[in-house]
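A.B. asks: Submitted below is the structure of interest, expressed as structure tokens.
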Amino acid sequence: MTEKNIAKINEIFDSIQGEGPYIGYRQIFIRFCGCNLLCDYCDTEYQKGEDYTVDGLIEKLNEYDLKHIHSISLTGGEPLIQYEFLKEFLPAFKKSVNFNIKIYLETNGTLYKPLEKVVDYVDIVSMDFKIDSSAKIGDIYKNHYEFLKVCEKAKKEVFAKLVFDDNIKSFEIDECVKLANQYGISLILQPKMFKNGVAVSHEKIVQIFDKFTEKYSDVRLIGQVHKFFDIR
Ligand code: SF4
Numbered sequence: 245m246t247e248k249n250i251a252k253i254n255e256i257f258d259s260i261q262g263e264g265p266y267i268g269y270r271q272i273f274i275r276f277c278g279c280n281l282l283c284d285y286c287d288t289e290y291q292k293g294e295d296y297t298v299d300g301l302i303e304k305l306n307e308y309d310l311k312h313i314h315s316i317s318l319t320g321g322e323p324l325i326q327y328e329f330l331k332e333f334l335p336a337f338k339k340s341v342n343f344n345i346k347i348y349l350e351t352n353g354t355l356y357k358p359l360e361k362v363v364d365y366v367d368i369v370s371m372d373f374k375i376d377s378s379a380k381i382g383d384i385y386k387n388h389y390e391f392l393k394v395c396e397k398a399k400k401e402v403f404a405k406l407v408f409d410d411n412i413k414s415f416e417i418d419e420c421v422k423l424a425n426q427y428g429i430s431l432i433l434q435p436k437m438f439k440n441g442v443a444v445s446h447e448k449i450v451q452i453f454d455k456f457t458e459k460y461s462d463v464r465l466i467g468q469v470h471k472f473f474d475i476r
């Protein structure tokens, strides 16, 4: 278990956001170790990492020219696993820079209690809706409802990404639309990808997109562009 005030971080790097509505923005990515889920399509190395103190991480981030960065992406794994560290790091980091730099949280959208502890320091929440047909982790809609409730209460900008493949079920489409509609958020459909290409046929993508847009208008189809550019 991570000690309070020390984070286990897999990597820190400068790149572009490759998914969702903020695609193409320059970000510093902090990849936190550990995850509470085990998604079937997970292609992220997040187990091994180095220890960072709050001061050590702030120092590391200041090696970058932060004025030219859109936001700091907290990613993983699942960054909220290390919420005790984030609770201290985020306000200290914000205080240490004398200009506005956004905090962008990339999360699987399940750890709503930890979110409550740090949500005030987050500017943009990019959460996942996990469906069993692609992620193979069972039904976790209840966690997504609770998670969105916390975001709504804190009045945070939030959108949901949904990775799907050919096996998506009608009831999963209905559940995701119900969730997005209840909280009035954008739903980003992301076809499952292999390393070098899309793992869902063109016809199926169009069919699935149509099924969503028949039920909800705030739906966008956006792939992972960093894979096409061969950047991480
Ligand atoms: S939530 Fe993300 S990091 Fe965790 S197993 Fe699923 S895809 Fe991988």
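Take 245 as the starting number for the sequence shown in our numbering and just add one per residue.
Virtual Cβ for every residue (Gly too), placed ideally from N, Cα, C.
Bear in mind that the values here come from a model prediction, so they are computed numbers and not experimental data.
At a cut-off of 8 Å, is TYR385 close to the ligand SF4 when judged by its beta-carbon and the heavy atoms of the ligand?
C.D. replies: TYR385 Cβ: outside cutoff for every heavy atom of the ligand SF4.
A.B. asks: Measuring alpha carbon to alpha carbon, tell me which residue in PRO323, PHE276, LYS374, ILE267 is nearest HIS314.
C.D. replies: ILE267
A.B. asks: Hey, quick one: how far does the alpha helix (DSSP H) through ALA424 stretch, first residue to last?
C.D. replies: Residues 414 to 427.
A.B. asks: Just mark GLY382 as buried or exposed, buried being the case when its beta carbon has 16 or more other beta carbons within 10 Å.
C.D. replies: exposed
A.B. asks: Could you give the DSSP three-state label for LYS471: helix, strand or coil?
C.D. replies: helix
A.B. asks: Counting beta carbon pairs with one atom in the region 380 to 396 and one in the region 345 to 361, are three or more of them shorter than 8 Å?
C.D. replies: yes
A.B. asks: With 16 as the cutoff for other CB atoms within 10 Å, does HIS312 come out buried or exposed?
C.D. replies: exposed
A.B. asks: Report yes or no: do the region 323 to 340 and the region 292 to 309 share at least 3 C-beta pairs separated by less than 8 Å?
C.D. replies: Result yes; three or more Cβ-Cβ pairs closer than 8 Å.
A.B. asks: To the nearest angstrom, how far is it from the Cα of THR246 to the Cα of LYS252?
C.D. replies: Confidence in THR246 is poor, its pLDDT being 46 and thus under 50, which makes the residue's placement too unreliable to answer from.
A.B. asks: Can you round the beta-carbon distance between GLU322 and CYS279 to whole angstroms, since I take them to be within the 8 Å contact cut?
C.D. replies: Taking C-beta atoms under 8 Å as the contact rule, GLU322 and CYS279 qualify, at a distance of about 4 Å.
A.B. asks: What is the DSSP secondary structure of ASP479, reduced to helix, strand or coil?
C.D. replies: Only positions 245 to 476 of the chain appear in this structure, which leaves residue 479 out of reach.
A.B. asks: Report the option in ASN249, GLY293, LEU301 whose CA atom is closest to the CA atom of ILE272.
C.D. replies: LEU301
A.B. asks: Go ahead and label ASN477 buried or exposed: buried means 16 or more other beta carbons lie within 10 angstroms of its beta carbon, across all protein chains shown.
C.D. replies: No answer is possible for residue 477: the residues shown for the chain start at 245 and end at 476.
A.B. asks: Could you give the C-beta distance for ALA217 and ALA404, rounded to a whole number, given that I count them as a contact under 8 Å?
C.D. replies: Since the displayed the chain opens at 245 and closes at 476, residue 217 lies outside it and no answer follows.
A.B. asks: Is ILE267 helix, strand or coil by DSSP?
C.D. replies: coil
A.B. asks: Which residues count as close to the ligand COA when the rule is a CB under 7 Å from any of its heavy atoms, in chain order?
C.D. replies: For the ligand COA, the structure offers nothing, since it holds only the ligand SF4.
A.B. asks: On the CB-based measure, 16 or more other CB atoms within 10 Å of its CB, does ASN342 come out buried or exposed?
C.D. replies: exposed
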